[in-house]
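I have placed the structure first, in the form of structure tokens, so that the comments after it can refer back to it.
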Amino acid sequence: MSRYILPLVAVIVLIVFLVIGLTRGDPRALPSPYIGKPAPEFELPKLKDSSATVSTEDFRGQVALVNVWATWCVQCRAEHQFLMDLAANDSIPIYGINWRDTQPEALRWLQQLGDPYVASGFDVDGVVGIDWGVYGAPESFLVNADGVVLYKQLGPLNWQIWERDFVPLIVSGDISQ
Amino acid sequence: MIPEIGQFALILALSLAICQGVIPLIGAYRNDVAMMSVAKTAATGQFVFVAVAFGCLTWSFLTSDFSVLYVANHSQLSLPTIYKISAVWGAHEGSLLMWILILAAWTVAVARFSSALPEAFAARVIGVLGLLSIGFLLFALLTSNPFDRLTPPAADGADLNPLLQDPGLAIHPPLLYIGYVGFSVAFAFAIAAMLSGDLDQRWAKWTRPWTTLAWMFLTLGIMLGSWWAYYELGWGGWWFWDPVENASFMPWLIGTALIHSLAVTERRGLFKSWTLLLAITAFSLSLLGTFLVRSGIIVSVHAFATDPTRGFFILAFLAIVVIGALILYAWRAPSLDSEVGFSLLSRETFLLLNNVLLVVAATLVLMGTLAPLVIELLNGGKISIGPPWFEIAFLVPMIPLVLLLGVGMHTAWRTQDKRPWVALLRIPAIAAIVIGVLLPLLFYGRTSLLLALGVAAAVWIIVMSLIQPVRSMRRKEGAAAITRSALGMSVAHLGMGLFVLGVTLTSAFNIESDRALTPGESIDVGAYEFEMRELRDVQGPNYSAVEAIIEIRKGGEFVATVRPQKRQYLVQKSWMTEAGIHVAWNKDLFVALGDQLGNGAWSVRVQYKPMIRFIWFGAIIMALGGLIAVSDRRYRLTASKPSRVSSTATETA
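Sequence order for the protein chains is A and B.
With the first sequence counted from 1, adding 1172 to any position gets you our numbering.
With the second sequence counted from 1, adding 765 to any position gets you our numbering.
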């Protein structure tokens, strides 16, 4: 008898796993293991000037947004206008990590669509992306003055998400200092 | 107005699905003929209303009605008409509607060709299909309504994903879904048989043609997907072990096992409970595939919009269907242990091995697909299981499978006398080994153990599949010709042999080279010289492209000109690679443009892919074998001429 129940048991176990998998929240918004922890250090050649570098030191001491982008990423294009508007607001410095891209394409992108970034690092082989736990572009990390990751956004940002998820953290971060 | 008609039709279809799913099942339980006869009428009505809904959505696409959210998101004014039609099933909501339409079509087909079945059995099959349809219609109406309006309407649409703007991908999903959904018929037959408790061999006979037909469509659907990935994704691979591909491949493996297991059940009355389990599993894996692809639980592609409520809905539906079926199975299967025996050397043994190996293969694919998720949930961190793991894991069951396949075909049912068997196998076996060793050496100049094994296995299968048909052609006057079933089996196995040959030679002798080229420069790959003659701009209906004109020469002699393109689609601004491929029966010469490097240079990927056409050609031959087997007279008896045959069918069975 028991061997006829075995498939049932196996399927129930599988379904339990799938339920847990679904309830871990929005499957895309995987909680970043770095939230509340210091942002991983990086030092990358600048996209616009390979001889200079951009690193985590550049934004130490201020709240900053680190945005992972690539020219092959359709959603990044959707997000770009928001980043331009945000940069025009002058509310927060935006640092870019140009991820798994080619330099000519990335430079043409910034030329055509505008450059919202204080500086973009050129992460051609995605090594920094791995350190930062990047799942897919675009992703954005909110880093506080002490270099601690406050929030991670998977997928494109817009004003609604910004007001809802980022602004409260930035405000409270300012007060705590 | 038209979208509202579609919406209304979908709700009416749901009402009819409820009639179809509930009344005939009660009727069959109570042996109430009036209630059972509701089945066919309700199924036909449901099909008509789903077809009306599908037509309304198609109409909204053709008229570019951007007040419909789904149309606005997946179409665009300058989209070519053919892609406006294929855009209907280009994303989640519409493809779900197509899924429902196909389910309704299968149901009508079953209703139409089931006149030879006992009334109660047919009513149960159609009833179970109705229950499945309720689930999918609720899914569409509650979480994924394709007719949702957008206010205010968009001025222009967001365009169909450029990856999908391709003739191969326009017909790939329908074929795949026909196969996927077709396994619901095998599932419904199994459930109906278990509900009635009448589990003799007849249900296996009734199920066989439907299962083979579904398998045939799934084979073609997967083959088209592979072919599309090859020429459209731009790097020349033909299988990537992506979770979405695996989602279609697992039901195929189990479906293949089911076809073989059904043969044993029908002919010999063995493996009954096992066959039932496979029928449940094949359809459950189709549902699991749907869940994996549409819930976003495994983030493999960024393409399918994910929504947790959808994931929960499919998971709940899957749980009800599969757990319900397996409870029924645990209740009925224990009484099916058969007393008929078979000797060790018999076709039954080989089909049992076939089943074990295919199930092992499917399990490995399932493990590889789900492992990243399970390990992440157990806090083991993120892992990724890539093609190298799958390739090795998959070879382990596949090598014995293909070797045993050639033997099993020529082994008799019940028991096989050893001496004539060895005599028959000896010569093809020696020939396969000799050709396996020599062919790579003679034609390509090198060999290896795995390579020789692959070629030998392919030759072995091909020779063994040809024996029966060739004998039949040369038979003496008056001798019985090969049956369609046996011919179909031979042809399908021949396709498998061609497929194995293609896979082995392509993976062993593929040559590729990436290089920066400017017009006038050339690159050598194998014996071929590829010269970039010219770069020019090309304007398509909804894209602009850079086209390279590349001339291929062999030893100075002109072979072909190919025109690979790099397209930028104007609305979504995404870049697509359109490979330039010179096709010959024994090789492809493949050129894809990479990136612009400045100074007029482009990175170009050039590949020489020997025998790659055999992979898809083999799959087409496999599907053809399925079609031939379905056309066997045995099944046609139950399929047509209802009034006369219904009595004889029950007598002979």
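We put the beta carbon where it would ideally sit given N, CA and C, even for glycine.
(request) Spell out the partners DSSP gives Asn1155/A in its beta bridges. (result) The first residue shown for chain A is 1173 and the last is 1349, placing residue 1155/A beyond what the model contains.
(message) At a CB distance below 8 Å, what residues from the segment 1257-1288 of chain A approach chain B? Give them in sequence order.
(response) Thr1274, Pro1276, Glu1277
(request) Pull up the distance between the alpha-carbon of Trp1331/A and that of Phe1254/A, whole angstroms please. (result) To locate residue 1331/A, count along the first sequence from 1; it is residue 159. To locate residue 1254/A, count along the first sequence from 1; it is residue 82. Using only the alpha carbons, I get a separation of about 7 Å.
(message) Between which residues of its own chain and Cys1167/A is the CB-CB distance below 7 Å, once the five residues before and five after are set aside?
(response) The structure shown does not extend to residue 1167/A, since chain A is modelled only from 1173 to 1349, so the question has no answer here.
(request) Given a cut-off of 8 Å, decide if Tyr942/B and Met863/B are closer than it, judged by their beta-carbon atoms. (result) As a first step, residue 863/B must be located in the second sequence, where it is residue number 98. As a first step, residue 942/B must be located in the second sequence, where it is residue number 177. The answer is yes: Cβ separation under 8 Å.
(request) Using three-state DSSP, classify Ala1070/B as helix, strand or coil. (result) Taking the second sequence and counting its residues from 1, one reaches residue 1070/B at position 305. For Ala1070/B, the predicted structure reports a pLDDT of 46, less than 50, and the residue's modelled location is therefore unreliable. The matter cannot be settled from this model.
(request) List the endpoints of the continuous beta strand (DSSP E) containing Tyr1334/B. (result) By 1-based counting over the second sequence, the position of residue 1334/B is 569. Start and end: 1330-1334.
(message) Between the alpha carbons of Lys1352/B and Arg1378/B, how many angstroms are there, rounded?
(response) Stepping through the second sequence from its first residue, residue 1352/B is reached at position 587. Stepping through the second sequence from its first residue, residue 1378/B is reached at position 613. Going from the Cα of Lys1352/B to the Cα of Arg1378/B covers about 7 Å.
(request) Report, in whole angstroms, the separation of the C-beta atoms of Leu1023/B and Thr976/B, which I expect to be a contact under 8 Å. (result) Residue mapping note: residue 1023/B aligns to position 258 of the second sequence, counting from 1. Residue mapping note: residue 976/B aligns to position 211 of the second sequence, counting from 1. Rounded, the Cβ-Cβ distance is 6 Å, consistent with contact.
(message) Please report whether the beta-carbon of Asp1337/A lies at a distance below 8 Å from any beta-carbon of chain B.
(response) Your numbering for residue 1337/A matches position 165 in the first sequence. So, not an interface residue.
(request) Grab me the residues of Glu1129/A's own chain with a C-beta within less than 6 Å of its C-beta, minus the 5 sequence neighbours each way, in chain order. (result) This structure gives no information on residue 1129/A, because the portion of chain A shown stretches from 1173 to 1349.
(message) Below 8 Å on C-beta distance, what does Tyr1176/A contact in chain B?
(response) Counting from one through the first sequence, the residue named residue 1176/A turns up at place 4. Neighbours of Tyr1176/A on chain B, chain order: Ser1038, Tyr1094, Ala1095, Ala1098, Pro1099.
(message) Please identify the residue among Ile1317/B, Gly1285/B, Val1369/B, Val1161/B whose C-alpha is closest to the C-alpha of Gln1330/B.
(response) Within the second sequence, residue 1330/B is the residue found at index 565, counting from 1. Of Ile1317/B, Gly1285/B, Val1369/B, Val1161/B, the residue nearest in Cα terms is Val1369/B.
(request) Can you pull the chain A residues whose beta carbon is under 7 Å from the beta carbon of Gln772/B, in chain order? (result) For the purposes of this step, residue 772/B is taken as the residue at position 7 of the second sequence. Simply none; closest approach about 28 Å.
(message) With H, G and I counted as helix, E and B as strand and the rest as coil, what does DSSP make of Ser879/B?
(response) The count along the second sequence starts at 1 and reaches residue 879/B at position 114. Coil at Ser879/B, not helix or strand.
(message) Which residues of the segment 1237-1258 of chain A have a Cβ closer than 8 Å to any Cβ of chain B? Give them in chain order.
(response) Trp1244, Val1246, Gln1247, Arg1249
(request) Determine the closest residue to Ser1213/B out of Val1228/B, Ile1140/B, Thr1269/B, Leu1252/B, with distance taken between C-alpha atoms. (result) Residue numbering aside, residue 1213/B sits at position 448 when the second sequence is read from its first letter. Closest by alpha carbon: Thr1269/B.
(request) Kindly indicate if chain A contains any beta-carbon less than 8 Å away from that of Val1087/B. (result) As a first step, residue 1087/B is located in the second sequence; it is residue number 322 there, counting from the start. Yes, contact with chain A.
(request) Could you tell me whether the Cβ of Val1183/A comes closer than 8 Å to any Cβ of chain B? (result) Translated into positions along the first sequence, residue 1183/A becomes position 11. Cβ-Cβ to chain B under 8 Å: yes for Val1183/A.
(request) Label Ile865/B either buried or exposed according to how many other C-beta atoms from any shown protein chain fall within 10 Å of its C-beta, with 16 as the threshold for buried. (result) Taking the second sequence and counting its residues from 1, one reaches residue 865/B at position 100. Looking at its Cβ environment, which holds 16 or more other Cβ atoms inside 10 Å, Ile865/B is buried.
(message) Short of 7 Å in beta carbon distance, which residues of its chain neighbour Thr1342/B, apart from the five on each side in sequence? Order them along the chain.
(response) Start at 1 with the first residue of the second sequence, and residue 1342/B comes out as number 577. Result list for Thr1342/B: Gly999, Lys1331, Ala1357, Leu1358, in chain order.
(request) Taking only beta carbons into account, state which residues of the segment 893-921 of chain B come closer than 8 Å to chain A, listed in chain order. (result) none
(request) Determine the burial state of Gly786/B: buried for a count of at least 16 other Cβ atoms within 10 Å of its Cβ, exposed for fewer. (result) Taking the first residue of the second sequence as position 1, residue 786/B is located at position 21. It is buried - the Cβ of Gly786/B has at least 16 other Cβ atoms within 10 Å.
(message) Using the Cβ count rule (16 or more neighbours within 10 Å means buried), how would you classify Pro932/B?
(response) Taking the second sequence and counting its residues from 1, one reaches residue 932/B at position 167. Exposed, since its Cβ has fewer than 16 Cβ neighbours within 10 Å.
(message) Less than 7 Å between C-beta atoms, sequence neighbours within five positions excluded: which residues of the same chain meet that for Met801/B?
(response) Counting from one through the second sequence, the residue named residue 801/B turns up at place 36. Only Pro789, Gly792, Ala793, Glu884, Ala885, Ala888 meet the Cβ criterion.
(message) Which runs of the alpha helix (DSSP H) at least 4 residues long sit entirely within the segment 1079-1116 of chain B? Give them in chain order.
(response) none
(message) With a threshold of 7 Å (Cβ to nearest heavy atom), would Leu1138/B be considered close to the ligand ADP?
(response) What this structure holds is no ligand at all, so the ligand ADP is not there to describe.
(request) Could you check if Phe1355/B is buried or exposed, using at least 16 other CB atoms within 10 Å of its CB as the buried criterion? (result) Residue numbering aside, residue 1355/B sits at position 590 when the second sequence is read from its first letter. Phe1355/B should be labelled buried.
(request) For Gly1054/B, name the three-state secondary structure that DSSP assigns. (result) The residue you call residue 1054/B lines up with position 289 of the second sequence. Gly1054/B falls in the helix class under three-state DSSP.
(message) In the DSSP assignment, the beta strand (DSSP E) including Ile1377/B goes from what residue to what residue?
(response) The sequence position of residue 1377/B within the second sequence is 612, counting from 1. No beta strand (DSSP E) contains Ile1377/B, which DSSP labels as neither H nor E.
(request) Tell me where the beta strand (DSSP E) around Gln1361/B begins and ends. (result) Residue mapping note: residue 1361/B aligns to position 596 of the second sequence, counting from 1. Here the beta strand (DSSP E) through Gln1361/B covers 1352-1363.
(request) Give the straight-line distance between the Cα atoms of Ile1192/B and Gly1171/B, rounded to the nearest whole angstrom. (result) Here residue 1192/B is taken as the residue at index 427 of the second sequence, counted from 1. Here residue 1171/B is taken as the residue at index 406 of the second sequence, counted from 1. Roughly 13 Å separates the two Cα atoms.
(request) With DSSP as the reference, label Trp1244/A as helix, strand or coil. (result) The residue given as residue 1244/A occupies position 72 in the first sequence. Three-state result, Trp1244/A: coil.
(request) For Lys970/B, count neighbouring Cβ atoms within 10 angstroms of its own Cβ and tell me buried if that reaches 16, exposed if not. (result) As a first step, residue 970/B is located in the second sequence; it is residue number 205 there, counting from the start. Its Cβ being crowded by 16 or more others within 10 Å, Lys970/B is buried.
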